[in-house]
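Quick note on our numbering: the sequence shown kicks off at 115 and runs consecutively. Virtual Cβ for every residue (Gly too), placed ideally from N, Cα, C. Since the structure is predicted, the reported quantities are computational estimates derived from the model, not experimental observations. Note sheet for the following structure.
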Amino acid sequence: MSPSSSGSEPAAIVTGGTRGIGRAVAERLAGAGYRVLTCGRREPDALPDGVAFLRADVREPQEAAALVAAAVDAYGRLDLVVNNAGGGPPTPAATASPGLVTAIVRLNLLAPFFVAQAANAVMQGQDGGGLIVNIGSVSALRPAPGTAAYAAAKGGLEVLTRALALEWAPKVRVNTVTAGAVRTEDNAAHYGDESALAAVAATVPLGRMATPQDIADAVLLLASPLAGYVTGASLVVDGGGQVPRYSDTARPQTP
Numbered sequence: 115m116s117p118s119s120s121g122s123e124p125a126a127i128v129t130g131g132t133r134g135i136g137r138a139v140a141e142r143l144a145g146a147g148y149r150v151l152t153c154g155r156r157e158p159d160a161l162p163d164g165v166a167f168l169r170a171d172v173r174e175p176q177e178a179a180a181l182v183a184a185a186v187d188a189y190g191r192l193d194l195v196v197n198n199a200g201g202g203p204p205t206p207a208a209t210a211s212p213g214l215v216t217a218i219v220r221l222n223l224l225a226p227f228f229v230a231q232a233a234n235a236v237m238q239g240q241d242g243g244g245l246i247v248n249i250g251s252v253s254a255l256r257p258a259p260g261t262a263a264y265a266a267a268k269g270g271l272e273v274l275t276r277a278l279a280l281e282w283a284p285k286v287r288v289n290t291v292t293a294g295a296v297r298t299e300d301n302a303a304h305y306g307d308e309s310a311l312a313a314v315a316a317t318v319p320l321g322r323m324a325t326p327q328d329i330a331d332a333v334l335l336l337a338s339p340l341a342g343y344v345t346g347a348s349l350v351v352d353g354g355g356q357v358p359r360y361s362d363t364a365r366p367q368t369p
């Protein structure tokens with residue numbers, strides 16, 4: 115990592131910012147004037163302009179703390195943290211191994227907690243405080259079969275957001291962007307082929323799945339002065355939810 119420490123631009127960390135939603139968030143923040151540090155377990159071939167990389171596994175508390183320390187050392191302050199790293203393979207609850215369940219909860223709930231703790235320790239002592247945005251999932255609100263551990267972890271993340279917002283106010287705001295179905299490079303493994311993706315899009319009232327940029331824009335909104343009084347909130351970005359299965363039969367028919 116060799117980011118510049120010069121300048122007065124705000125500084126941000128985006129965990130898991132080398133691909134998918136995280137990369138879109140990092141790129142959007144850099145384009146908005148943030149100095150951005152991202153992390154992952156493997157270094158990417160390339161990153162957007164204005165984004166630096168540090169190899170780190172934020173499931174480990176000491177590596178989460180080292181990531182925050184590296185950002186402060188490079189940029190002099192830390193204004194925004196986006197806890198994006200997450201995910202988990204679809205697995206039937208009845209046969210999910212203890213190791214897999216533990217790994218999913220560590221990545222989706224404990225890792226954001228560890229990063230947030232380290233970030234709060236910095237933000238509480240600096241002028242202007244700071245903001246932590248957790249990337250959540252509608253699985254926390256309406257879990258699907260095969261997502262028990264992931265949905266439970268994301269549900270915990272929603273509660274964690276509200277709890278930290280209570281404890282760390284007024285210097286630090288904590289919010290969640292709760293993402294619906296998002297088209298990323300990993301979609302095929304989760305949803306299936308293009309026809310399956312089209313079927314998913316057809317269930318969304320706005321008529322399409324979200325893009326990573328839609329989630330990035332929501333993060334930037336929460337980071338703007340327009341959201342200065344928003345904390346402990348969940349901004350649901352899901353295109354209006356899902357059309358209920360019974361809607362076609364319940365909809366009044368045109369004569």
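Non-local C-beta neighbours of M237 in its own chain, meaning closer than 7 Å and more than five positions away in sequence, comprise L192, G243, G244, K285, V286, ordered along the chain.
If you look at T275, you'll find it in the alpha helix (DSSP H) that goes 262-282. Annotation for A179: A232 place their beta carbon closer than 6 Å to its own, counting only its chain and skipping 5 residues before and after. Cβ atoms of R173 and A225 come within 8 Å of each other, at about 5 Å. Between V165 and G346, the alpha-carbon positions lie close to 28 Å from each other.
Annotation for L245: the continuous beta strand (DSSP E) segment containing it runs 244-251. A contact between stretches requires three or more CB pairs, one per stretch, nearer than 8 Å, and the stretch 127-146 meets this requirement with the stretch 180-199. Between R322 and A315, the C-beta gap is smaller than 7 Å, which places the two residues in contact. By the C-beta density criterion, R155 is exposed, having fewer than 16 other C-beta atoms within 10 angstroms.
Residue nearest to T205 within the set V252, C153, S251, P259 is P259 (criterion: CA-CA distance). In the DSSP assignment, R169 falls within the beta strand (DSSP E) that extends over 165-169. About 7 Å separates the CB atoms of V296 and T325; that is less than 8 Å, so the two are in contact. When the five nearest sequence neighbours on each side are left out, the beta carbons in the same chain lying within less than 6 Å of the beta carbon of P175 are those of F228, in order along the chain. For L223, there is no enclosing alpha helix (DSSP H), as DSSP gives it neither H nor E. In the three-state scheme derived from DSSP, where H, G and I count as helix and E and B as strand, G154 is classed as strand. Excluding sequence positions up to five before and after A144, its CB lies within less than 7 Å of the CB of V150, P162, D163, G164, V165, all in the same chain and listed in chain order. Nearest neighbour of E281 by Cα position, chosen from G201, A235, G250, turns out to be A235. By a beta-carbon distance limit of 8 Å, L194 contacts P124. Their separation comes to about 7 Å. Beta-bridge partners assigned by DSSP to T292: G250, V350. With a contact defined as Cβ atoms closer than 8 Å, G136 and A208 miss out at about 31 Å. Within the model, the alpha-carbon separation for I246 versus V252 is close to 19 Å. With respect to the C-alpha of G353, the residue from V215, I249, L336, P319 having the closest C-alpha is P319. Put simply, the backbone Cα of K268 is about 12 Å away from that of S348.
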